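Working notes, beginning with the structure itself.
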Amino acid sequence: MNQSQRIRELLESGDLLLMPDAYDPISARIIQRCGFEAVQCSGCSIAVANCLEREAQLRVELNLQVTRSIVAAVDVPVMADGEDGYGGPEEIGGTVAAFIDAGVAGINIEDQAIGNADGVAIIEQAVMVEKLHAAREAARSAGSPGLVINGRTDALLAGSDRPTGLDEAITRGNAYLQAGADMVFVTYIATLEEVREAVRGIDGPVSIAAGQPYNMQEFSVDDLRREGVARVSLPTLAILSSVQALKTALEGVRETQNFGHLMAPDRLCGWGDIANIVER
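Okay, here's the thing in structure tokens:
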């Protein structure tokens with residue numbers, strides 16, 4: 599069984615697939631060691647880890663480099679963050695082929711207009727449909743017809759109001775499934791009722807993100823499982839927790855001018871744990 603087939607098996611199991619997002623090899627390895635069955639790459643987190651001010655500055659070359667290193671670090675399937683495909687319908691085929699060559703089992707492709715200066719904007723539905731058709735054909739041509747394509751829509755936040763945006767997300771989601779997506783990723787869902795409406799309206803697997811700060815306190819994993827959500831990503835958990843832990847440790851040294859606080863339980867990872875993480 600290849601990794602794309604494994605992702606499909608997990609999605610079709612009837613249980614919710616929880617996918618924390620990685621930004622480098624060690625974060626991916628920790629995700630695997632903690633028992634998660636798949637890893638999602640996060641373009642946002644990769645951008646932060648490389649001190650980029652905006653995710654739109656994440657070039658495809660760096661994205662591919664990091665994604666390839668994440669795939670090499672784990673034995674579980676990895677889904678890439680393909681952003682907007684790094685171009686239109688004519689360019690997306692090359693992007694998909696490059697991520698397949700990096701070893702991914704699946705890829706997110708979004709309809710957000712990357713780099714828009716006036717908040718979240720989305721491209722025309724017809725253009726996104728064309729891009730998804732091209733992505734699916736590229737996967738076939740690259741010898742990976744089973745590549746899992748996660749069609750992401752940011753329509754909920756781009757709408758004039760949330761009900762209008764959610765209706766648009768559902769409409770687009772169904773169009774994306776018909777165009778070749780295997781799953782619909784509705785971003786910025788904030789309430790359990792919005793989850794229910796998305797699952798009820800979309801004729802295929804639904805994916806959402808649970809991220810700081812907009813929805814993590816609104817529902818639990820069990821809530822989402824009961825509502826029939828297929829997949830949940832945790833897009834910033836790894837990078838935010840890592841940065842905060844490092845800031846806390848370093849600020850403590852600077853402020854106290856001693857190292858005693860670093861010896862507090864759970865403040866530093868032990869070398870035995872490090873060995874268990876880095877060894878295959």
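Take 599 as the starting number for the sequence shown in this note's numbering and just add one per residue. Where is the CB? At the ideal position from N, CA and C, for every residue including glycine. Here the structure is a predicted model, which is why all the values come from computation and not from measurement.
For residue i, the nearest candidate out of the options (CA to CA)
| i | options | result |
| --- | --- | --- |
| Phe783 | Ala620, Arg750, Ala773 | Arg750 |
| Met599 | Gly744, Met726, Gln638, Val658 | Gly744 |
| Asp613 | Asp622, Val819, Leu848 | Val819 |
| Ala736 | Ala836, Ala654, Pro687, Glu795 | Pro687 |
| Ser831 | Val637, Gln601, Glu607 | Val637 |
| Lys729 | Gly717, Val718, Asp682 | Asp682 |
| Pro863 | Ala847, Leu764, Pro833, Gly757 | Ala847 |
| Val827 | Glu816, Gly802, Ile698, Val851 | Gly802 |
| Met814 | Glu825, Ala836, Ile787, Ile837 | Ile787 |
| Glu792 | Gln776, Ala779, Arg770, Gly763 | Gly763 |
| Glu659 | Gly680, Ala671, Ala670 | Gly680 |
| Ala779 | Asp622, Thr789, Ile800, Leu615 | Ile800 |
| Thr789 | Gln810, Tyr774, Phe817 | Phe817 |
| Val672 | Gln655, Pro623, Ile712, Gly704 | Pro623 |
| Ser611 | Arg829, Arg852, Ser839, Ala654 | Arg829 |
| His836 | Leu615, Cys632, Ile698 | Checking the displayed sequence, the identity of residue 836 turns out to be Ala instead of His. Closest by alpha carbon: Cys632. |
| Ile668 | Leu650, Asp619, Gln776 | Asp619 |
| Gln842 | Ala647, Asp765, Leu609, Glu635 | Ala647 |
| Glu651 | Gln776, Val702, Leu755, Gly713 | Gly713 |
| Ser739 | Ala756, Leu775, Ala703, Ala695 | Ala695 |
According to DSSP, residues forming a beta bridge with residue i
| i | result |
| --- | --- |
| Ile720 | Gln710 |
| Arg750 | Glu708, Phe783 |
| Arg829 | Leu615, Ser805 |
Simplified DSSP state of residue i, which is helix, strand or coil
| i | result |
| --- | --- |
| Cys639 | strand |
| Ser840 | helix |
| Ala788 | coil |
| Ala808 | coil |
| Pro618 | strand |
| Met677 | strand |
| Met545 | Given that the chain is displayed from residue 599 to residue 878, the structure contains no residue 545 and the question cannot be resolved. |
| Arg666 | helix |
| Glu653 | helix |
| Gln855 | coil |
| Ile800 | coil |
| Val672 | coil |
| Thr846 | helix |
| Phe697 | helix |
| Leu745 | coil |
| Pro761 | helix |
| Asp821 | helix |
| Leu866 | coil |
Where residue i falls, given that 16 or more other Cβ within 10 Å makes a residue buried
| i | result |
| --- | --- |
| Gln663 | exposed |
| Gln861 | It is Met, not Gln, that sits at residue 861 in the sequence shown. The residue in question, Met861, is exposed, as its Cβ has fewer than 16 Cβ neighbours within 10 Å. |
| Ala796 | buried |
| Phe857 | exposed |
| Ser758 | exposed |
| Ser625 | buried |
| Val851 | exposed |
| Pro833 | buried |
At least three beta-carbon pairs within less than 8 Å, the stretch 668-677 to the stretch 861-872 | no
So, do the stretch 641-648 and the stretch 691-702 have three or more beta carbon pairs nearer to each other than 8 Å?
-> no
Counting Cβ pairs, one atom from each stretch, are 3 or more of them under 8 Å apart for the stretch 747-762 and the stretch 702-710?
-> yes
Specify whether the stretch 800-811 and the stretch 773-792 touch according to this definition: at least 3 beta carbon pairs, one from each stretch, less than 8 Å apart.
-> yes
Count the CB pairs spanning the stretch 717-729 and the stretch 769-777 that are closer than 8 Å, and state whether there are at least three.
-> yes
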